[in-house]
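Counting along the sequence shown from 1, when you hit position 135 you're at 135 in UniProt numbering, and nothing is skipped either side.
The C-beta atom is built at its ideal place from N, Cα and C for all residues, glycine as well.
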Amino acid sequence: MTTSLRHEGRTALVTGGSRGIGRAISRRLAEEGALVAVHYGHDLTAAERTVKEIEAEGGRAFAVHAELGVPGDAATLWEAFDRALAEQGAGPGLDILVNNAGITVPRTIAHVTEEDYDRVFAINTKAPFFIVQRGLDRLRDGGRIVNISSVATKFGYPAIVAYTMTKAALDYLTLALAKELGPRGITVNSVAPGYTETEINPTLSIPEIRQRYSDASVFGRLGRPADIADIVSFVASDDARWTTGQWIDASGGVHLGI
Ligand code: NAD
Numbered sequence: 001m002t003t004s005l006r007h008e009g010r011t012a013l014v015t016g017g018s019r020g021i022g023r024a025i026s027r028r029l030a031e032e033g034a035l036v037a038v039h040y041g042h043d044l045t046a047a048e049r050t051v052k053e054i055e056a057e058g059g060r061a062f063a064v065h066a067e068l069g070v071p072g073d074a075a076t077l078w079e080a081f082d083r084a085l086a087e088q089g090a091g092p093g094l095d096i097l098v099n100n101a102g103i104t105v106p107r108t109i110a111h112v113t114e115e116d117y118d119r120v121f122a123i124n125t126k127a128p129f130f131i132v133q134r135g136l137d138r139l140r141d142g143g144r145i146v147n148i149s150s151v152a153t154k155f156g157y158p159a160i161v162a163y164t165m166t167k168a169a170l171d172y173l174t175l176a177l178a179k180e181l182g183p184r185g186i187t188v189n190s191v192a193p194g195y196t197e198t199e200i201n202p203t204l205s206i207p208e209i210r211q212r213y214s215d216a217s218v219f220g221r222l223g224r225p226a227d228i229a230d231i232v233s234f235v236a237s238d239d240a241r242w243t244t245g246q247w248i249d250a251s252g253g254v255h256l257g258i
C-alpha cells in the first residue's frame with residue numbers, strides 16, 4: 001500500500017510562521033508535502049532558520065516579509081507572496097491560509113492605552129480580515145482558512161481583555177466567512193490554543209505561573225507548539241473537508257476545569 005502526504009502539491013501561507021506556534025505549523029505542513037510561505041514581520045533570521053529547518057527535513061519553504069498592523073499590510077503581504085512564489089517557480093494560487101500572527105496586551109483594563117487597543121486589533125483582527133479579502137482570488141476552490149484563536153474567547157481571563165476581544169472577533173470572521181466561502185468548497189475554522197510554551201508568554205519563566213498554567217490542562221502540562229500544529233494540519237487537510245465555521249479547542253482540556 002502506498003501512502004501519500006496529506007498536503008502534497010499544495011501551497012500554504014502561515015502568517016507569523018517564523019517562530020512559536022507558527023513555526024511548528026509551517027514545519028508540519030511542509031512535512032506533509034506543502035510548499036510553505038513562512039511569513040514574518042521583523043525577524044528575518046528566525047524566518048530563514050525555519051525555512052532552513054524545513055529544507056533540512058526534505059520540505060519546501062520560502063520566507064515572505066510584511067509588517068502587519070500598519071496601513072496596507074495585507075496588500076504588502078500578498079505582493080511579497082506573489083513575488084516569492086514566482087521566484088520559486090511555483091504556479092500562482094494558494095490552498096491553505098493560516099492566520100496565526102498575533103500579539104497580546106497583558107495588562108488589566110485600567111492600564112490599556114488607546115494605542116495598545118488599536119494595535120492589538122490591527123494585528124489580530126484587521127490584518128486577518130484584509131489578508132483574506134485580498135487573498136480571495138489567490139485561494140483555490142476547496143482551499144482552507146485556519147484562524148488561530150484562543151481559549152480565552154470561550155472562558156475569559158483577567159488582564160487580556162483587549163486581546164480576548166480581538167480573538168472573539170476573529171471567531172466571528174470564521175463563522176460568517178465559512179458561509180460566504182462554502183459554495184467554493186473552502187472551509188474556514190478557528191483553532192484555539194490554551195497555554196502554550198512560546199515567547200508570547202514570558203511569565204512562563206516564573207515557576208508558580210508555569211505550574212498553575214500546566215495544572216489548568218487535564219493532562220497536567222503546558223501545550224507545545226507541535227500540539228497545535230498537528231491539529232491545524234488535520235483541519236487543513238482533505239480529511240476535515242466536512243467541518244467548517246467551527247471553533248476547535250486546542251488546549252489540552254483547559255476548559256474542562258476541576
Ligand atoms: P509568538 O509571539 O511566538 O508568535 C507570534 C507571531 O506573530 C510571531 O511570528 C511574530 O513575529 C508575529 N507577529 C506579531 N506581530 C506581528 C506584526 N506586527 N507583523 C508581522 N508579524 C507579527 O507567540 P505564539 O504563541 O506562537 O502565537 C501564535 C498565535 O497563537 C497568536 O495568534 C496567539 O494569539 C495565539 N495563541 C497563543 C497562545 C499561547 O499560549 N502561546 C494561546 C492562545 C493563542
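Where P158 falls: helix, strand or coil (DSSP): Sequence index remark: in the sequence shown, residue 158 carries index 158 (1-based). Correct three-state label for P158: coil.
Any non-hydrogen atom of the ligand NAD closer than 7 Å to I248 Cβ: Reading the sequence shown from its first residue, position 248 is the one you call residue 248. It does not: the Cβ of I248 is nowhere closer than 7 Å to a heavy atom of the ligand NAD.
Heavy atom of the ligand NAD within 7 Å of I123 beta-carbon: Mapped onto the sequence shown, residue 123 falls at position 123. With a threshold of 7 Å, the Cβ atom of I123 counts as near the ligand NAD, since some heavy atom of the ligand is closer than that.
Any non-hydrogen atom of the ligand NAD within 7 Å of H7 CB: Residue 7 sits at position 7 when you count from the first residue of the sequence shown. Outside the cutoff, so no.
Beta-bridge pairing of G223 - partner residues as DSSP gives them: Within the sequence shown, residue 223 is the residue found at index 223, counting from 1. Looking at the DSSP output, G223 shares a beta bridge with T196.
Cβ contact (3+ pairs, closer than 8 Å) linking the region 220-228 and the region 109-120: Not touching, per the Cβ criterion.
Beta carbon of V39 nearer than 8 Å to that of G16: Position 39 of the sequence shown, counted from the first residue, corresponds to residue 39. Position 16 of the sequence shown, counted from the first residue, corresponds to residue 16. In the sequence under discussion, the amino acid at residue 39 is His, which differs from the Val named in the question. Between H39 and G16, the CB-CB gap stays under 8 Å.
For A12: DSSP bridge partner residues: Here residue 12 is taken as the residue at index 12 of the sequence shown, counted from 1. Residue pairing from DSSP places A12 in a beta bridge opposite V36 and I96.
Sequence-distant residues of its chain with Cβ nearer than 7 Å to G69 (five each side left out): Taking the first residue of the sequence shown as position 1, residue 69 is located at position 69. Counting only Cβ-Cβ distances below 7 Å, and skipping sequence neighbours, we find R119, A122, I123 and A127.
Identity of the residues DSSP links to S190 by a beta bridge: Position 190 of the sequence shown, counted from the start, is the residue given in the question as residue 190. S190 has N147 and W247 as its beta-bridge partners, per DSSP.
Any 3 or more C-beta pairs closer than 8 Å across the region 200-218 and the region 184-191: The count of Cβ pairs closer than 8 Å, one atom from the region 200-218 and one from the region 184-191, stays below three, leaving the stretches out of contact.
Cα-Cα separation between R49 and V132, rounded to whole angstroms: Your numbering for residue 49 matches position 49 in the sequence shown. Your numbering for residue 132 matches position 132 in the sequence shown. Their backbone Cα atoms lie some 27 Å apart in a straight line.
Backbone secondary structure at V64 - three-state DSSP: Here residue 64 is taken as the residue at index 64 of the sequence shown, counted from 1. Note: V64 maps to strand in three-state DSSP.
For T125, the nearest candidate out of A75, A101 and G58 (CA to CA): Position 125 of the sequence shown, counted from the first residue, corresponds to residue 125. Residue A101 is the option with its Cα nearest to T125.
DSSP state of D137 mapped onto helix, strand, coil: Translated into positions along the sequence shown, residue 137 becomes position 137. DSSP places D137 in the coil class of the three-state scheme, outside both helix and strand.
Secondary structure of G69, DSSP reduced to three states: The residue given as residue 69 occupies position 69 in the sequence shown. Coil at G69, not helix or strand.
Rounded distance between the beta-carbons of F81 and A110, thought under 8 Å: Along the sequence shown, one-based indexing puts residue 110 at 110. Along the sequence shown, one-based indexing puts residue 81 at 81. Contact flag wrong, Cβ pair sits at about 40 Å.
Selection from K179, S149 and A12 that minimises the alpha carbon distance to L170: As a working mapping, residue 170 is identified with position 170 in the sequence shown. Considering only K179, S149 and A12, the residue with the shortest C-alpha distance to L170 is S149.
Boundaries (first-last residue) of the alpha helix (DSSP H) holding K52: Numbered from its first residue, the sequence shown carries residue 52 at position 52. Taken as a continuous stretch (DSSP letters only), the alpha helix (DSSP H) holding K52 covers L44 to A56.
Any non-hydrogen atom of the ligand NAD closer than 7 Å to Y195 Cβ: Position 195 of the sequence shown, counting from 1, holds the residue named residue 195. Short note on Y195: C-beta closer than 7 Å to some heavy atom of the ligand NAD.
At least 3 beta-carbon pairs within less than 8 Å: the region 129-146 vs the region 72-80: Output reads yes: the region 72-80 touches the region 129-146.
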